[in-house]
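Participant:
There are 2 protein chains.
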Amino acid sequence: MGLTPEDVERLDDIVKRTRPLHRGDFLFRNGDRFRSLYVVKTGSVKSFAPSPEGGEQVLGFHLPGEIIGLDAIEKDAHACSAKVLETSAICEIPFGRLEELTASIASLQHQMYRLLSKEIAHDTDMLLLLGKKSAEERLAAFLISMSKRLQKRGLSPTDFYLSMSRHEIGNYLGLAVETVSRLFTRFQDEGLMLVDRKHIQLLNLEALDGLVGGAGPCRQQQNRARAPVAGD
Amino acid sequence: MGLTPEDVERLDDIVKRTRPLHRGDFLFRNGDRFRSLYVVKTGSVKSFAPSPEGGEQVLGFHLPGEIIGLDAIEKDAHACSAKVLETSAICEIPFGRLEELTASIASLQHQMYRLLSKEIAHDTDMLLLLGKKSAEERLAAFLISMSKRLQKRGLSPTDFYLSMSRHEIGNYLGLAVETVSRLFTRFQDEGLMLVDRKHIQLLNLEALDGLVGGAGPCRQQQNRARAPVAGD
DNA sequence: ACCCCGACTTGATCCAGGTCAAGCGTCGGC
DNA sequence: GCCGACGCTTGACCTGGATCAAGTCGGGGT
Numbered sequence: 735m736g737l738t739p740e741d742v743e744r745l746d747d748i749v750k751r752t753r754p755l756h757r758g759d760f761l762f763r764n765g766d767r768f769r770s771l772y773v774v775k776t777g778s779v780k781s782f783a784p785s786p787e788g789g790e791q792v793l794g795f796h797l798p799g800e801i802i803g804l805d806a807i808e809k810d811a812h813a814c815s816a817k818v819l820e821t822s823a824i825c826e827i828p829f830g831r832l833e834e835l836t837a838s839i840a841s842l843q844h845q846m847y848r849l850l851s852k853e854i855a856h857d858t859d860m861l862l863l864l865g866k867k868s869a870e871e872r873l874a875a876f877l878i879s880m881s882k883r884l885q886k887r888g889l890s891p892t893d894f895y896l897s898m899s900r901h902e903i904g905n906y907l908g909l910a911v912e913t914v915s916r917l918f919t920r921f922q923d924e925g926l927m928l929v930d931r932k933h934i935q936l937l938n939l940e941a942l943d944g945l946v947g948g949a950g951p952c953r954q955q956q957n958r959a960r961a962p963v964a965g966d
Numbered sequence: 735m736g737l738t739p740e741d742v743e744r745l746d747d748i749v750k751r752t753r754p755l756h757r758g759d760f761l762f763r764n765g766d767r768f769r770s771l772y773v774v775k776t777g778s779v780k781s782f783a784p785s786p787e788g789g790e791q792v793l794g795f796h797l798p799g800e801i802i803g804l805d806a807i808e809k810d811a812h813a814c815s816a817k818v819l820e821t822s823a824i825c826e827i828p829f830g831r832l833e834e835l836t837a838s839i840a841s842l843q844h845q846m847y848r849l850l851s852k853e854i855a856h857d858t859d860m861l862l863l864l865g866k867k868s869a870e871e872r873l874a875a876f877l878i879s880m881s882k883r884l885q886k887r888g889l890s891p892t893d894f895y896l897s898m899s900r901h902e903i904g905n906y907l908g909l910a911v912e913t914v915s916r917l918f919t920r921f922q923d924e925g926l927m928l929v930d931r932k933h934i935q936l937l938n939l940e941a942l943d944g945l946v947g948g949a950g951p952c953r954q955q956q957n958r959a960r961a962p963v964a965g966d
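In order, the protein sequences belong to chains U and F. The working numbering applies: residue 735 is where the first sequence begins, and numbers increase by one. The working numbering applies: residue 735 is where the second sequence begins, and numbers increase by one.
Set out below in structure tokens:
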């Protein structure tokens, strides 16, 4: 991505490899001073924000290759917490050092902007999901997303284990646990997937993809695309 | 914010002032090549993403001082559109030039990271809003947000005009127009605000703030904070 | 090997808010 | 100044999904 081997080495030098973390360990907690970004090497992590009332909002699940902590730069403190879902290898990148590096390597700076921008674009997608989509569409989108991200890492896009609980999935998607459970059952009945505990097998990616929003008899549509209007 | 007057001048040099834009004008459209960031000087802008089915998701309303287009860096193309809501003055900042500048001015680079990070943190807040909050909480949060942002710009935090329609507000908050309308009426009945067409007067900021989520009899709480767990 | 607890499923019921259906007031165009 | 239309309000009704309430199952600890 436009970095010389020498650049890569410099970047590599500032990355800290920590010993493997285990289920339940925190990368950081809400309120912690911001020092580093974290990259998942293997395993998975969830990030979540405690909401005032005592509940929490799951903000994301992070798979290998994904980066965590970008939202903390502005306030110089973490606004959310990150907890390891299974035994995981995590790299730590001290942000101060990274900033120095990006200031002297233009292409790295560009990558950094792209990374931050990508995170924004992703959040934007989630906003659409939570604002406009039905429970069915949300869960289908979640499964497709997992599938694609695993594939990107060279893992099976159709056969995988979920490291998070139904509860966490529901929280993430703005749904009750019961709804998630029922939908898994339904998808299975419809032959779209096999569910066994945390073991997921997707049998019909296309159909699942179709559920996400493209097709469908245009269910809930709260902005009744006033069709005939011409000069628009 | 750590810039020398000379730095400021350099930044100022690359900013383009465009002639005023009018209601309905586009800053950019979904799919356009990404060239510049835009800053609202006066007026307001809405950004929105067309969803596959023909509807649209309003992603945000941008008031003076706010920046637009950060989500386009990654793909080098705009994933959403931005439309001017009322006669507005907008500055354009060619991103290529800005990148050059941030590479040579460390504090500017830092500001840029903070800006991007802030956007992420803001989207995160919206996720919580859309994922967990009731219609009442959403609208209250929207009003408080408008109030605070106007105040930051030295405008009245309690007396202002909304440049967007009820429809757009509803779309933004994931609510039907009717719900927005009913809530405005209710808030007015409860003495929290005065509504006259687009003219808004907030009478009780504290009460409105209270509605947002902090207090309240803990309505919907789909992750029953398993209270007593110790080692957590 | 057993037990216990937490995770999950399934069914019954409820309700916030979406949808449908009239009006009505305002504003821009002529 | 009149007219048409769009934006907003209000009421009636309906439904997706939350909540409540039992079970069932599996896995880890002793």
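Cβ atoms here follow ideal geometry from the backbone N, Cα and C, with glycine treated the same way.
Mind the definition here: the region 878-894 of chain F touches the region 755-769 of chain F only if three or more C-beta pairs lie below 8 Å; say whether that holds.
Facilitator: With a cut-off of 8 Å, the region 755-769 of chain F and the region 878-894 of chain F do not count as touching, because too few Cβ pairs lie within range.
Participant: State the Cα-Cα distance for the pair residue 843 of chain U and residue 861 of chain U, rounded to the nearest angstrom.
Facilitator: Straight-line Cα distance between these residues: approximately 27 Å.
Participant: Helix, strand or coil for residue 776 of chain F? Go by DSSP, reduced to three states.
Facilitator: strand
Participant: Can you have a look at residue 791 of chain U and say buried or exposed, based on whether 16 or more other CB atoms are within 10 angstroms of its CB?
Facilitator: buried
Participant: Measure the alpha-carbon distance for residue 820 of chain F versus residue 931 of chain F and round it to whole angstroms.
Facilitator: 16 Å
Participant: Should residue 696 of chain U go down as buried or exposed, given a rule of 16 or more other Cβ atoms within 10 Å for buried?
Facilitator: Any answer about residue 696 of chain U is impossible in this case: the structure gives chain U only from 735 up to 966.
Participant: Report yes or no: is there a C-beta of chain U within less than 7 Å of the C-beta of residue 848 of chain F?
Facilitator: yes
Participant: So, at 7 Å on beta carbons, what are the nonlocal neighbours of residue 917 of chain U in its own chain, with the 5 sequence-adjacent residues on each side left out?
Facilitator: 869, 870, 873
Participant: Spell out a yes or no on whether the region 933-940 of chain U and the region 849-864 of chain U are touching, meaning 3 or more CB-CB pairs, one atom from each, closer than 8 Å.
Facilitator: no
Participant: Could you work out which residues of chain U lie near residue 924 of chain F, taking near to mean beta carbons separated by less than 8 Å?
Facilitator: Result: empty, since nearest Cβ-Cβ is about 21 Å, beyond 8 Å.
Participant: Just confirm the distance between the C-beta atoms of residue 761 of chain F and residue 801 of chain F, as a whole number of angstroms; I'd bet it's less than 8 Å.
Facilitator: Contact flag wrong, Cβ pair sits at about 11 Å.
Participant: Under 7 Å between beta-carbons, which chain U residues line up against residue 808 of chain F? List them in chain order, please.
Facilitator: 848, 851, 852, 855
Participant: Tell me whether residue 930 of chain F sits in a helix, a strand or coil according to DSSP, three-state version.
Facilitator: strand
Participant: Name the residue from U:816, U:804, U:826 whose alpha carbon lies nearest to the alpha carbon of residue 850 of chain F.
Facilitator: U:804
Participant: Report the start-end ranges of each alpha helix (DSSP H) in the region 846-933 of chain U that is 4 residues or longer and not cut off at the edges.
Facilitator: Runs found: 869-886, 900-907, 911-923.
Participant: Given this structure, state the Cα-to-Cα distance separating residue 941 of chain U from residue 926 of chain U, to the nearest angstrom.
Facilitator: Looking at the backbone, the Cα of residue 941 of chain U and that of residue 926 of chain U are separated by about 7 Å.
Participant: In chain order, what residues of the same chain have a beta carbon less than 7 Å from the beta carbon of residue 811 of chain U, not counting five sequence neighbours either side?
Facilitator: 765, 766, 767, 768
Participant: When the Cα of residue 823 of chain U is compared with those of U:735, U:774, U:891, which residue comes out closest?
Facilitator: U:774
Participant: Less than 7 Å between CB atoms is the rule here; does residue 813 of chain U satisfy it with respect to chain F?
Facilitator: It does: the Cβ of residue 813 of chain U has a partner Cβ on chain F nearer than 7 Å.
Participant: Looking at C-beta atoms only, is the number of pairs between the region 894-912 of chain U and the region 779-793 of chain U that lie closer than 8 Å three or more?
Facilitator: Yes, they touch.
Participant: Under 9 Å between beta-carbons, which chain F residues line up against residue 908 of chain U? List them in chain order, please.
Facilitator: Residues of chain F whose Cβ lies closer than 9 Å to the Cβ of residue 908 of chain U are, in chain order, 861, 864, 865, 866, 956.
Participant: Which ranges does the alpha helix (DSSP H) cover as unbroken runs of at least 4 residues, wholly within the region 761-841 of chain F, from first to last along the chain?
Facilitator: 829-838
Participant: Quick one: does residue 845 of chain U have its CB under 7 Å from some CB of chain F?
Facilitator: no
Participant: Taking 7 Å as the threshold (C-beta atoms), are residue 778 of chain F and residue 915 of chain F in contact?
Facilitator: no
Participant: Please identify the residue among U:845, U:794, U:879 whose C-alpha is closest to the C-alpha of residue 814 of chain U.
Facilitator: U:794
Participant: Just checking my contact of residue 737 of chain F with residue 841 of chain F at CB under 8 Å: how many whole Å lie between their CB atoms?
Facilitator: 6 Å
Participant: Taking a Cβ distance cut-off of 8 Å, strictly less, list which residues of the region 786-806 of chain F are near chain U, in chain order.
Facilitator: 786, 787, 788, 789, 790, 791, 793, 804, 805, 806
Participant: Suppose the cutoff is 7 Å on Cβ atoms and the five residues either side in sequence are ignored; what does the same chain contact list for residue 929 of chain U look like?
Facilitator: 918, 922.
Participant: Please return the same chain residues whose Cβ sits closer than 7 Å to the Cβ of residue 893 of chain F, not counting the five positions on each side in sequence.
Facilitator: 935
Participant: Which residues, in order along the region 814-825 of chain U, keep a beta-carbon less than 8 Å from a beta-carbon of chain F?
Facilitator: 814
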